[in-house]
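Residues -18 to -1, 1 to 182 (mature numbering (1 follows the signal peptide of the UniProt record, and there is no 0)) make up the sequence shown, in order. A virtual CB, placed ideally from N, CA and C, is assigned to each residue, including glycine. Presented below is the structure to which this report refers.
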Amino acid sequence: MKRLNPLLIVLFAFTLVACSTRPPEPVAQEEMLPPWLEHRDRMRAVETWTLQGRVGARQGSEGANFTVYWQQRDEDYNIRLSGPLGQGGATINGGYGWAELRTKDDHFFAASLEELLSEAIAIDLPLHHLQYWLRGIPSPGARAGIKLNSDALLERMEQHGWTIEYTEYDPETQLPLRFSMRFEDSRAQIIISTWDISGV
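In structure tokens form, the structure reads like this:
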């Protein structure tokens, strides 16, 4: 049997690699927009939900990894954060016109979640907007640049100076399971292990 020239074998291998790594066809954003708007409105209507997951956050040289439990009922929320082995825990409660944060050693109270976090937490996490971003939709009342994937769900969003990139969704509920956020020197990676949704 005639042997192939080794150079031809190498060229053939590179051809296979080039074919296998060909970038996917771009998603037609205009075609995805109508089903995306339906999905957005459906997610906006979800006013009661609970999730559990993990967050890795960093701002400059400051970093933290913690588990999160978040329960939302209309405007009222209960957020519990705990570090490795339950260390560094904090509970945030609030609603329209008030917010409080309790830790083992401190108690903070403010008129809004944004004011509370600016006083109490060194790492910038926009929790007020995050309650919408967690559901894979923009926070209402502000413009957002969006890029949709082939399932008519958010792949990338820019809002309030943050860039949010979604990499995994629950195939049944179409709720995000994994996404990252960045703004200047602030970074966060969020992995959601369980969703409990009323109204989906």
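Best match in Gln54, Gly65, Asp178, Pro8 for proximity to Leu112 [C-alpha to C-alpha]: The count along the sequence shown starts at 1 and reaches residue 112 at position 130. Minimum Cα distance to Leu112 is reached at Gln54.
Environment of Gly42 [buried if 16+ CB atoms lie within 10 Å]: Counting from one through the sequence shown, the residue named residue 42 turns up at place 60. Exposed, since its Cβ has fewer than 16 Cβ neighbours within 10 Å.
Counted within 10 angstroms of its Cβ, other Cβ atoms place Leu157 as buried (16 or more) or exposed: Looking up residue 157 in the sequence shown gives position 175. Leu157 comes out buried.
Beta-carbon gap between Thr176 and Leu33 smaller than 9 angstroms: Position 194 of the sequence shown, counted from the start, is the residue given in the question as residue 176. Position 51 of the sequence shown, counted from the start, is the residue given in the question as residue 33. Going by C-beta atoms, Thr176 is nearer than 9 angstroms to Leu33.
Contact set for Ser180: own chain, Cβ-Cβ below 6 angstroms, skip 5 residues either direction: The count along the sequence shown starts at 1 and reaches residue 180 at position 198. By the criterion of a C-beta distance shorter than 6 angstroms, Ser180 is surrounded in its chain by Thr30, once the five residues flanking it on both sides are discounted.
Contact set for Phe165: own chain, Cβ-Cβ below 6 angstroms, skip 5 residues either direction: As a first step, residue 165 is located in the sequence shown; it is residue number 183 there, counting from the start. Contacts found: Gly143, Trp144.
Residue(s) in a DSSP beta bridge with Asp178: The count along the sequence shown starts at 1 and reaches residue 178 at position 196. Beta-bridge pairing links Asp178 to Thr32.
Start-to-end residues for the beta strand (DSSP E) that takes in Leu130: Translated into the one-based positions of the sequence shown, residue 130 becomes position 148. Counting along the chain, the beta strand (DSSP E) containing Leu130 begins and ends at 127 to 130.
Nearest to Glu154 (by Cα), restricted to the options Glu44, Pro8, Gly76, His21: As a working mapping, residue 154 is identified with position 172 in the sequence shown. Checked all of Glu44, Pro8, Gly76, His21; the closest Cα to Glu154 is His21.
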